[in-house]
Each structure stands twice: as structure tokens, then as C-alpha cells.
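Below is one structure, written out as C-alpha cells; comments come after it.
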Amino acid sequence: MLKLYYKFNFTTIPKKNSKSFREAVKGIFKFTDINLAREAKNRLIHDYIDQPKYSKACASLDDGFEDAFQYTVQGNSHNRLKSTNLIERLNQEVRRREKIIRIFPNQTSANRLIGAVLMDLHDEWIYSSRKYINFDK
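Using this note's numbering, the letters of the sequence shown map in sequence onto residues 17 to 153.
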């Protein structure tokens, strides 16, 4: 997630003479405390907002900071959160069950089947000894 954020944010700044800005943005996301990161972000924006070449990047940093920073505080769970494997597997299971029936009489019956599949998988995850993400830290 952060690589995409960097890529999007860094395309708006000049390549020459922007190493200090790039390093400062990367440094912000190395903080583990959100308040310290916010202070560093505000200082960076204050330093570069007056320069027209950096105004777009500063606005992007200000707008997307909270969304991007949430991935840095997850720790070991980050690898699980950035992957869509779980969602893809879930969609595959719903599709597999849906292909058996093929034609539904109405929207409610399709919703009922999908809901039943999701409830079964949820129960499986809850009572399984193997945890996908452990938030009990």
C-alpha cells in the first residue's frame, strides 16, 4: 500500500533536487506513533507548501495521510492486510456454490445462499485453531 502511495505522490514532484522531500515523506511513515507522524507531516507541509512544484504533493500527503498511515501501525498483520487472497478465496467459494444452483428464482434466494456460505465460512474461521490475523496483542 505504501509503495503505491509513494508512487502516486512522487509522480507529482520534480525528479531533480527532490531527494530531501522524498526522504522526509518516507521518514514520516517510519514513525510508530500517529501523533509524532502527524507533527512531522505538518512540519513537512509547512516547509514545502510555498513551493509550487511541491504544492500538489503536499495536498496529496495531507489528504491521504490518515489512510496510508493505518498500514504502518499494524505490524506483523500488514502482510495479511495488503493481500487480497482471502477475498479472492471467499469469492471463489461463493461462486462454486452458486454454480451448482445456476438459476435463482429471485434476488432474495441468491442473497440467502450467499449469506449462508459466508456464515459457514465465518463459523469456520471463528472456531478454527489457525488464526489468519491475531489482533489480541
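In this text, a Cβ means the ideal position worked out from N, Cα and C, and glycines have one as well.
How is the alpha helix (DSSP H) around residue i delimited, first residue to last?
i: Lys125; result: Looking at the sequence shown, residue 125 is not Lys but Ser. Unbroken alpha helix (DSSP H) run through Ser125: Gln123 to Tyr143.
i: Arg146; result: That residue, Arg146, is in no alpha helix (DSSP H); it is neither H nor E in DSSP.
i: Ser36; result: Lys35 to Ile44
i: Phe85; result: Ser71 to Phe85
i: Ile116; result: Asn101 to Ile117
i: Lys57; result: Ile50 to Tyr64
Count the other C-beta atoms from every protein chain shown that fall within 10 angstroms of the C-beta of residue i, then say buried if there are 16 or more, exposed otherwise.
i: Leu52; result: exposed
i: Tyr70; result: buried
i: Ile103; result: exposed
i: Ile119; result: exposed
Pick from the options: whose alpha carbon is nearest that of residue i?
i: Glu82; options: Arg54, Arg118, Lys35 and Glu114; result: Arg54
i: Glu114; options: Ala126, Leu137, Leu106 and Pro30; result: Ala126
i: Leu60; options: Ser36, Pro121, Asn101 and Arg105; result: Ser36
i: Gln67; options: Pro30, Arg112 and Asn101; result: Pro30
i: His138; options: Pro121, Ala75 and Leu106; result: Leu106
Whose C-beta lies closer than 7 Å to the C-beta of residue i among residues of the same chain, with five residues either side of it excluded?
i: Arg38; result: Phe26
When you compare the CB positions of residue i and residue j, do they come within less than 8 Å of one another, or not?
i: Phe85; j: Ile50; result: yes
i: Lys72; j: Thr28; result: yes
i: Val110; j: Ile130; result: yes
i: Val41; j: Leu77; result: yes
At a cut-off of 7 Å, would you count residue i as near the ligand GTP, judging by its Cβ distance to the nearest heavy atom?
i: His138; result: Absence of the ligand GTP from the depicted structure is noted, as is the absence of any ligand whatsoever, leaving it without description.
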